[in-house]
Structure formats: structure tokens, C-alpha cells
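Report on the structure given below.
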Amino acid sequence: MKSRQVIMLRDLLHNEYVRPNEFMEKLGISLRTVRMEIHEINDILRHKDMRINSSSARGYFILKGERTQFYEFLNNMILSLKKVELPETPGERFLFTFIYLTFIKEPISVQNLADIMYVSKTVMIKTLKEIDEYLRNFNGLNIERTKKGIYFRGKERSIRHILSETLNYKTFGSILMYKVLKFQFGESYSKIYEILQKELPIILYRNNLILIDKSVEGFLLDLFIMIYRNKAGLLLESETSRQYPQVFEDIMKEIEELLIQNDIRISECDRNFLKDCLLTKRVLYDECVKLEPRKEIAELTEEFLSIVDKKYNCSYLKNPELKKMLSIHIDKMLYRSEQGHFEHNASIRNAKELYKLQTEMADILYKLIFDKYGYKIQEEELGFIILYMGAFAQTKIKAIIISDIGQSAASSMAKQINNYCGDKIEIIGSFSLNYIRQYSIDVDVIFTPIRLFNVTLPSKTKIIYINYVLQEENIKRIQEFLINYHGGVNED
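What follows is the structure in C-alpha cells.
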């Protein structure tokens, strides 16, 4: 029974008569819909020898002799509705509606969808707009609107990938996951889900494929969703398979044995789909079985780091650990793009605030990928690249101190600067004004308590005037320099 049918029954029990226009005004529906709802309720009541009657003069009514039976029927209906997990917040409503739409085979009207979610049509229209907005970030899935109603339009592979990613990143904990899956699949879903939850991590660890926690959860969802979409007759289209790492084959063998023990059979298409899912999952590099990126991606990574090193006077390319990790990460990132989905962890967006220079570096990779593959990498994905570049940043700001009153004063200033700036600045020495007039000094910044004149310096070199004993305004000046420092960028 729909939520508005419960409301109609309550009104009929609280009033002797209810006119059709009263239902229309209260529920925001047409006269035709009122008649349809009454007809549906009477269909449910028929086997109980009860019915809602109508009078052309006064409207709809319930016979006095049947009112007790109607109260009992209504209370039972309300109890059964309470057992259904319904969305309580806009975020929950988004997820419930999203997963429901991915499993329907025929278009559904907005009003019927609203009834299923126990909300008004206005609220459901707002939820669908939010889903529309969300899907713009993905490739290959959108809401299609027809005269018969709405449905999700997209390839089966895209629907599975995007559904898994959405559940993984929008449930925020096991309670909401339980509510969403129970709503869609009923109480029985938990048996196979709990088996996968227990056994899948063991299988992955046994084969030394050490995924990050979110990737383990994501792969569990890939597998679970595959099982239930197959049950619903929503099957994968066959596609040409690729070459996979041997560890993937070993893992799939164990997974299939586990599924057979639980009377679940999968096709070759399903096996290849799950291996494609594993290609996208992020790993813990130090503990994980050795994975190799595609040759073209290793070359792309090298090209990216080479451009960055040249433009920002860095030495990323000389770091084999970074090259290895970044190549594998970019490879997995591009597999995600090929499949039409992406990592959407909103907290990663803060990386831009933490590493402003590395954000510019990540933009170089964005352009390289777009030019070579046509993919527009999402902001969250770029956030991971920014964090890699920030974590492996080797460039220190090279500085000298000019002192006109001796080495002790210069050493004192150097110690004060290092106390405030940590290891961000490397002071390579102290020099006199006369020395730097005669010999070129290639540094990023000069700290000096005296005015510099008649000196030729590289265009990148910044002069910061400070006192022998650093004052608050000196510290602010140095901090502003560090915030705005761009690594001696070569604009060529």
C-alpha cells in the first residue's frame, strides 16, 4: 500500500464523507488519480469483502458497520509499512532512489516513485534533480524521461561500476549500507553479504593483493551487485577480454569456489568484469604483490615528471619510488576513467589548499591525459596526484644571508630563520655585499638586514629585508614568501 492511500483511509475513518476535491487539495493530485487510488484500495479490500463506497452528492464514505474492520486493516497496513526501511534524510533518499532506479526494468512515474519512497512528488522531483547533477560527473549513465515515466539509461557495465562507487562513498558506515540494501533486496541479502564480508579480505590477503580498506569494500560491492543484478536478469554484454595479472586469475578461482559453495554460478563475462574491477582498486605498495603499469602509462608518467622537473626546477624524475607508485596510481586512475567512474572522496579536495604548487603540477598531468586520451580527470582524482607530489617534494628553497657585522650575526639570523621555517629553507652560507657584487649567486632568496644596490641577480631571486633579531613583521614577510613561492618557475 502507498503512503497516500494510508492518508486517504485515515481521512475516510475520521470523516463521515470525503469529497474528491478534498483529496485533490490535500494530496496535490488530479481527480483521475484520486479515482485510481480508490480503485486500487478496493482491489486490495475485495478479498476481505470490504470496500470504499461513493455518493455522487456527498463523496466517498465507509459504511458504519465496516468501520471497525477498516481500523484493524489500516493498523495492520501501517505496521507492515513500518517494517520497511524508509529513507529519513535527503542523503538517504538520494541513495534509496538511486539504487531503486538501477534495478527497475520499466519506466516509472515520478508520483509512483514518490509513493515508494513515502515522500511528496515535489520532494521526489528535487531528489531526481540531485541525481541528475551527480550523474553529470560520470560517463555512460543518465536519467531518461519518457511519457511512460523515468528510468536509468546506460550500459550494464557502467551501471554496475557507478552503483558500486556510489554505495561505497555515500553510505558513510555499515548502518546506512544495511538500510539501503535491506530496502532494495529484503532481509535475506545479509546472508551472502556477510559471507563476502568475511571471506573476501582473506582471499585477497592470501594472494598478497593488499588493497586499501575502501578498495576492499568497493570490490565486495562489485561482487555483491553482480550477484543481484544477475538474479534480476540484468546481465552483462560480452566484451573482448584483456590480459590480466596472474594474481587476478588466482583470486578469481578462489572467489568462484566460494560462490559455488553458496549455489551461485557466474559466467566468463562476470569473471572478466570482476578482474576489470580489480584493475581500478588502489593498493598499499610496500606490502602488495608486484604490479606493473601499462608501458604507455609508465611513459606518460615519465613525460609528466620530466615537464614538472624542468618547469619547477625539481628532481622528481630521479626518485624511483615515486615513479613506481605514481605510474601504478595513474594506470588505475585511467582504468577508472575508461570504465566511466572515479574515486570521489570529497576530503581530498583540501589537497589544493595544502599544496598550491603541486596543484599547478597536477594540472599539467590533467592536460597531458586530456590531449592523449580525451578524459577529463575529476577534481578528487587530481587530489591524489597532488598528495603524491607534495609527499615526495624534494625541492628546498636555497638562500643566503648578507651580513655587514660578521659571522656571529649571520649564524644567529640563520638559526632564527630555521626555527621558524623548519627544513623548507636551506641556507647555503653567509656573504658580504661586496662578494655578491663580484660573483654571481644562484639562489632563490637573499635575507639581508642592509639595503642591496649595484647588484646583478637572477630574475627568480627574491630579496627579503630582515632585522638582525627577527621581528614579527620579518616573520610575516618570510611566511608570505613561503606561501607564494613557485619554485623558480621556468615559464618556457
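Residue numbers (full-length UniProt numbering): 1 to 492.
We put the beta carbon where it would ideally sit given N, CA and C, even for glycine.
Taking the C-beta atoms as reference points, Ile464 is found no nearer than 8 Å to Phe453. Residue pairing by DSSP puts Val18 in a beta bridge opposite Tyr60.
Only residues of its own chain outside the window of five on either side were considered, and among them Phe94, Thr97, Phe98, Leu101 and Ile143 have a CB closer than 8 Å to the CB of Ile131, listed in chain order. A straight line joining the alpha-carbon of Glu106 with that of Asn112 spans about 12 Å. Bounds of any beta strand (DSSP E) do not take in Tyr375, whose DSSP letter is neither H nor E. In the three-state reduction of the DSSP assignment, Val110 falls in the helix class. According to the DSSP assignment, Val445 belongs to the beta strand (DSSP E) that extends over Val445 to Thr448. Annotation for Phe431: the continuous beta strand (DSSP E) segment containing it runs Ile425 to Phe431. DSSP, reduced to helix, strand and coil, places Ile441 outside both helices and strands of the structure shown, so it counts as coil.
Leu284 and Ala393 have their C-alpha atoms roughly 20 Å apart. For Glu88, there are no CB contacts under 7 Å within the same chain when 5 residues up- and downstream are skipped. Taking a contact as a CB-CB distance under 8 Å, the pair Cys277 and Phe219 counts as one, their CB atoms being some 6 Å apart.
The beta carbons of Leu221 and Glu156 sit about 16 Å from each other, so the pair does not count as a contact at 8 Å. Within the same chain, Cβ atoms closer than 6 Å to the Cβ of Asn207 are found at Val247, Asp250 and Ile251, the five residues on either side in sequence being excluded. Secondary structure note for Ile99: its alpha helix (DSSP H) is the uninterrupted segment Pro90 to Phe103.
Ranking Ile159, Leu279, Gln184 and Gly154 by CA distance to the CA of Leu209 puts Leu279 first. Counting along the chain, the unbroken beta strand (DSSP E) around Ser54 starts and ends at Asn53 to Ser55. For the segment 132-166, the full-length beta strand (DSSP E) segments reaching 3 residues or more read 141-146 and 149-154 along the chain. Looking only at Tyr366, Tyr435 and Ile400, the smallest Cα-Cα distance to Val455 is reached by Tyr435. Under the Cβ criterion (8 Å, minimum of three pairs), the segment 368-381 does not count as touching the segment 399-412. Cβ contact annotation for Asp404 (same chain, cutoff 8 Å, sequence separation greater than five): Ser432, Leu433, Pro449 and Ile450, in chain order.
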